[in-house]
Amino acid sequence: MNYKKDGFDGQRAIILPKSIINKVCLPDPIINSCYITAFGYYPKAKFHYRKRPNGSEQNILIYCLEGTGKVSIADKSSNVSPGECFVIPCHLAHQYKSDEESPWTIYWCHFKGEHSDDIVRAMLVKMSSYNSQIPFLDERIQLFDKLY
């Protein structure tokens, strides 16, 4: 199988250069409290797959708009369907993949900062799991699209 981490038709992604993070985000106490390091949109991402045995340096939030997939975080696996989001705390082993028959369309972002772990902990308490159903709202999609 030819799994891939990106390179999907119609995808959009912005990754903040480390030089910007070092010059702008880290020295500013307000920005450094929580900032996005990368975000993107992967439509019908067939064969999308990521495996990070040691986790990521950033926290990750993924929102599934269409299609399905599967996520495993800290040895807990679950299916992902439209309208679900999942949050992956930094440094936590995980893997996720899009379904081959019904590949997902996702919006995603990576984020860091002095308070980002607190934000993730609060999300996990509210969601009581790594993933949660979120009602579809055009406004949410428009906000993601405005980032580009």
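Letter 110 of the sequence shown, counting from 1, is numbered 110 in the UniProt record's numbering, and no numbers are missing. No residue lacks a Cβ here, since even glycine has one placed at the ideal position from N, Cα and C.
Legend entry - Limits of the unbroken beta strand (DSSP E) element including Ile73: In the sequence shown, the residue the question calls residue 73 occupies position 73. Start and end: 69 to 73.
Legend entry - Start and end residues, beta strand (DSSP E) containing Ser116: For the purposes of this step, residue 116 is taken as the residue at position 116 of the sequence shown. Segment 116 to 127 is the alpha helix (DSSP H) holding Ser116; no beta strand (DSSP E) there.
Inset, instruction - Look at the alpha carbon of Asn46 and the alpha carbon of Tyr63, and state the distance between them as a whole number of angstroms. - result: Here residue 46 refers to the residue found at position 46 of the sequence shown. Here residue 63 refers to the residue found at position 63 of the sequence shown. The sequence given here has Lys at residue 46, not Asn. Approximately 16 Å between the Cα atoms of the pair.
Legend entry - Cβ-based burial, Gln58 [other Cβ within 10 Å; buried from 16]: Working through the sequence shown from its first residue, we reach residue 58 at position 58. Gln58 should be labelled buried.
Legend entry - Burial state of Asn131, where buried means 16 or more other Cβ atoms lie within 10 Å: By one-based count along the sequence shown, residue 131 stands at place 131. Classification for Asn131: buried.
Inset, instruction - Specify the secondary structure class of Lys97 as computed by DSSP and reduced to three states. - result: As a first step, residue 97 is located in the sequence shown; it is residue number 97 there, counting from the start. For Lys97, the secondary structure class from DSSP, reduced to helix, strand or coil, is strand.
Legend entry - Enclosing beta strand (DSSP E) for Leu61 [first to last residue]: Within the sequence shown, residue 61 is the residue found at index 61, counting from 1. Where Leu61 is concerned, the enclosing beta strand (DSSP E) stretches over 59 to 66.
Inset, instruction - Can you give me the Cβ contacts of Ile36 inside the same chain, cut-off strictly under 6 Å, excluding the 5 residues immediately before and after it? - result: Taking the sequence shown and counting its residues from 1, the one referred to as residue 36 is at position 36. Around Ile36: Cys109, Phe111.
Legend entry - Of the listed residues Ser78, His48, Asn32, Ser98, nearest to Asp6 (C-alpha basis): Counting from one through the sequence shown, the residue named residue 6 turns up at place 6. The residue with the shortest Cα to Cα distance from Asp6 is His48.
Inset, instruction - Quick one: measure Cβ to Cβ for Glu84 and Ile134, integer angstroms, because I've assumed they're closer than 8 Å. - result: Against the sequence shown, residue 84 aligns to sequence position 84. Against the sequence shown, residue 134 aligns to sequence position 134. Right, the Cβ-Cβ distance comes to about 7 Å (below 8 Å), so this counts as a contact.
Inset, instruction - Might you give, ordered along the chain, the residues of its own chain that have their beta carbon closer than 7 Å to the beta carbon of Thr68, omitting 5 neighbours on each side? - result: For the purposes of this step, residue 68 is identified with residue 68 of the sequence shown, where counting begins at 1. So the qualifying residues of the chain are Asn79, Val80, Ser81, Asp99, Ser102, Trp104.
Legend entry - Cutoff 7 Å; reference Phe136; Cβ partners in own chain excluding five residues on either side: Within the sequence shown, numbered from 1, the residue matching residue 136 stands at position 136. Hits under 7 Å: Gly83.
Legend entry - Sheet register partners of Tyr35 (DSSP bridge): The residue labelled residue 35 in the question sits at position 35 within the sequence shown. Tyr35 pairs with Lys112.
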